[in-house]
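Below: the structure, in C-alpha cells.
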Amino acid sequence: MTTPHIRKVPSAAWTVDDLDDLPDDGYRYEIFDGSLLVSPPAAMPHIAATVLLRDALHAQAPAHFKMIEGVGVFPDQRNFYIPDLVVAHVEVLKSRDRGIKPTDVLLAIEVVSPSNPSNDLFIKRKVYAQFDIPEYWVVDRRDLSLLVFRLADGSEYDLAAKVHPGDRWQSDWPFPLSIDPDQIFT
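Our numbering numbers the first residue of the sequence shown as 10 and each following residue consecutively.
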C-alpha cells in the first residue's frame, strides 16, 4: 500500500522555505508573490526545444558562461521562479542556495507551455523585467517563433525581434551568438 504524501499548507503566504515540504515528484513548484504555482512535467516537444536551444547556445558560448536548466530564481522569500533555461556566469554553479538571484541571470528563457501560455508570455515577462533580467526569450511552438525581449527602461521589456525558422537572430548579448529557430524546433 502506498502512503500518500501529505502537504503542509502554510497558514500565510508561501515562501521559498515551504518548498522543502513539497514532494520531488516531477511537478514544477514556483511561488508568485506568495502564491504557489504548480505545473505538470513538461512534454517531450517542450523538453526537446529546451535541450536543442541549450545545445545551440552552449556551442557558441565562451567557457565562463553556462546554460542552466531548471534552476530557481528568487529575489526574496515570497517569489521563486524556474525558467526553462538561464544563461549565467559559471561562478553561480558554486552557490549553496536553493537557486540563484535575478542579478546572476543574464538571459532567461521560457518555452511556452500549451496549458498556460499567458504565464510565459505575460506574467513571467513582467516579473523578469521587474527583476532587471537584461534579456528574456520566449520559444513559442504554436507559431514556431523565438521572441526576444530586451529590458528597455529598467521596468519593462521591449520586443527586439520575432524570429522564425529560416531567419537568423544575431546578437552580442550575453555573448556573440547566432540562432536560427530551425535549430530549436524538431
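Note that CB positions come from ideal geometry on N, CA and C, so glycine has one too.
According to the neighbour-count rule (16 or more other Cβ atoms, all chains shown, within 10 Å of its Cβ), is residue i buried or exposed?
i    : result
S187 : exposed
Y166 : buried
A117 : buried
P32  : exposed
P92  : buried
D162 : exposed
A21  : exposed
D152 : exposed
D34  : exposed
Note down, in chain order, each residue of its chain lying with its Cβ closer than 7 Å to the Cβ of residue i, except the 5 sequence neighbours on either side.
i    : result
K133 : Y90 and E119
Q192 : L61 and A65
Since residue i and residue j are thought to touch, with beta carbons under 8 Å apart, how far apart are those beta carbons, to the nearest angstrom?
i    : j    : result
T59  : E78  : 6 Å
P143 : L102 : P143 to L102, Cβ: 20 Å. No contact.
N88  : D42  : 6 Å
R107 : V25  : 6 Å
L130 : V147 : 6 Å
In chain order, what residues of the same chain lie with their CB nearer than 8 Å to the CB of residue i, ignoring the 5 residues before and after it?
i    : result
R177 : S187, I188 and D189
R150 : P54, H55, A58, V120, V121, P123 and F194
L168 : L156, V157 and F158
Y36  : V47, S48, P49 and P50
W23  : I40, G43, S44, L45 and R87
S164 : A138 and Q139
Is the separation between the beta-carbon of residue i and that of residue j shorter than 9 Å?
i    : j    : result
V5   : P183 : Nothing can be reported for residue 5: it is not among the residues displayed for the chain, which extend from 10 to 195.
L62  : N128 : no
K135 : S154 : no
Can you name, in chain order, every residue of its own chain whose Cβ lies under 6 Å from the Cβ of residue i, other than the five neighbours on each side?
i    : result
T11  : The predicted position of T11 is uncertain, since its pLDDT is 46 and thus under 50; a value taken from the coordinates is nonetheless stated next. So the list is empty, once near-sequence residues are dropped.
V99  : H73 and K75
Q179 : S187
At least three beta-carbon pairs within less than 8 Å, the stretch 120 to 139 to the stretch 66 to 76
no
Stretch pair the stretch 80 to 87 + the stretch 97 to 113: three plus CB contacts closer than 8 Å:
yes
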